[in-house]
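Below you'll find the structure, written out as structure tokens, and then a few comments.
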Amino acid sequence: MFEEAQYFSPVNEDEHGRVTVRLARGHPGFADPAYRERRDLIAGLAVGHRRGDPLPEVAYTGEEQEVWRLVSAELASRHRRYAVREFLDAKERLGLPEDRVPQLQEVSDLLEPLTGFRYLPAAGLVPLREFYGSLADGLFHSTQYLRHHSMPLYTPEPDVVHEVIGHANALASDRFAALYRAAGEAARRVEGREALEFVSRVFWFTMEFGVLQEGGELKAYGAGILSSYGEIEEFRAMDVRPLDVREMGSADYDITKYQTLLFRAESMDHLEDVAGGFWEACDDDSIAALAV
Numbered sequence: 075m076f077e078e079a080q081y082f083s084p085v086n087e088d089e090h091g092r093v094t095v096r097l098a099r100g101h102p103g104f105a106d107p108a109y110r111e112r113r114d115l116i117a118g119l120a121v122g123h124r125r126g127d128p129l130p131e132v133a134y135t136g137e138e139q140e141v142w143r144l145v146s147a148e149l150a151s152r153h154r155r156y157a158v159r160e161f162l163d164a165k166e167r168l169g170l171p172e173d174r175v176p177q178l179q180e181v182s183d184l185l186e187p188l189t190g191f192r193y194l195p196a197a198g199l200v201p202l203r204e205f206y207g208s209l210a211d212g213l214f215h216s217t218q219y220l221r222h223h224s225m226p227l228y229t230p231e232p233d234v235v236h237e238v239i240g241h242a243n244a245l246a247s248d249r250f251a252a253l254y255r256a257a258g259e260a261a262r263r264v265e266g267r268e269a270l271e272f273v274s275r276v277f278w279f280t281m282e283f284g285v286l287q288e289g290g291e292l293k294a295y296g297a298g299i300l301s302s303y304g305e306i307e308e309f310r311a312m313d314v315r316p317l318d319v320r321e322m323g324s325a326d327y328d329i330t331k332y333q334t335l336l337f338r339a340e341s342m343d344h345l346e347d348v349a350g351g352f353w354e355a356c357d358d359d360s361i362a363a364l365a366v
């Protein structure tokens with residue numbers, strides 16, 4: 075299964091410029107009018123943004139700040155136990171606030187001197203080629219909304235917790251940032267839709283849900299695991315296979331559930347050799363040969 079939009083609530087803009095986020099009935103915020111109004115407002119800020127303009131600021135509510143504080147604290151203790159050293163060092167280097175939601179401009183200002191990455195606001199889904207291609211330019215598209223306060227440790231779609239605690243901390247690492255850029259350059263290089271999806275699947279099973287062996291233990295480096303309070307406690311019990319580009323690029327996954335299939339690198343060097351080497355050299359023909 076592969077649907078690039080499956081985990082984003084659709085965002086619509088009518089002829090009057092009104093932006094509406096269509097939450098599914100099963101979404102924790104579906105029956106909360108105030109939350110839905112907030113989602114529409116925050117999405118509208120991103121829709122109205124033009125590249126080169128100042129990044130839009132969100133006046134986060136006390137309730138939203140409390141969600142950030144709670145999730146940050148719960149994840150911090152789990153990072154110390156389960157995250158790879160490269161991520162932990164990058165997290166300390168970046169120094170994100172844990173007591174309040176940082177604005178995307180603040181995240182960019184912290185990141186850019188370290189690895190050159192900057193953030194851009196996203197209302198929801200960003201087309202696959204644009205999202206990955208922008209990584210080659212050191213640009214990361216990020217949502218700005220918070221998950222619903224009734225379920226602070228769960229979100230059915232990527233929110234600012236995932237985009238910032240998961241990805242920004244990784245992007246503060248020179249080595250991880252180089253892998254993000256390599257994936258972006260690969261997305262720019264390939265022409266066919268199937269090749270682009272193959273590139274993105276390898277990204278999914280590495281930079282989103284990657285694990286590696288470190289100090290005799292299985293540790294996580296993927297942003298999807300390291301921003302998920304529940305998944306970070308479960309990943310060691312999953313079907314963990316050796317890192318394999320052919321298998322990663324062809325495997326199906328379901329983002330609505332914990333990932334049951336993971337791929338293990340033996341070290342950072344191994345990850346760079348296998349995933350980084352693939353992204354640096356791949357083209358439509360080489361991917362077609364792998365996908366046979």
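For the sequence shown, the working numbering assigns the number 75 to the initial residue and increments by one for each residue that follows.
Note that the Cβ used here is the ideal one computed from N, Cα and C, for glycine as well.
Every value quoted in this text rests on a predicted model; they were computed, and no experiment measured them.
Using a Cβ distance threshold of 8 Å, determine whether the region 176–194 contacts the region 208–216, with at least three qualifying pairs required. yes
Between the C-alpha atoms of D88 and A244, what's the straight-line distance to the nearest angstrom? Straight-line Cα distance between these residues: approximately 37 Å.
For P107, does the three-state DSSP call read helix, strand or coil? helix
What does the alpha-carbon distance come out to for the pair L336 and A325? 10 Å
Three-state secondary structure (DSSP) of R226: It should be pointed out that residue 226 corresponds to Pro in this sequence rather than to Arg. Note: P226 maps to coil in three-state DSSP.
Roughly how far, in whole angstroms, is the beta-carbon of V264 from the beta-carbon of V276, given that I think they are within contact range, below 8 Å? Wrong, their Cβ atoms sit about 12 Å apart, outside the cutoff.
Nonlocal neighbours in the same chain, by C-beta distance under 8 Å from E288, ignoring five residues either side: V158, R159 and S341
Please report how far the alpha carbon of E111 lies from the alpha carbon of S301, in whole angstroms. 25 Å
Inspect the beta-carbon positions of P84 and R96 and report whether they are closer than 8 Å. In this structure, P84 places its C-beta atom within 8 Å of the C-beta atom of R96.
Specify the secondary structure class of E291 as computed by DSSP and reduced to three states. strand
Proximity below 8 Å, CB of I299 to CB of F279: Cβ distance not < 8 Å, so I299 and F279 don't count as in contact.
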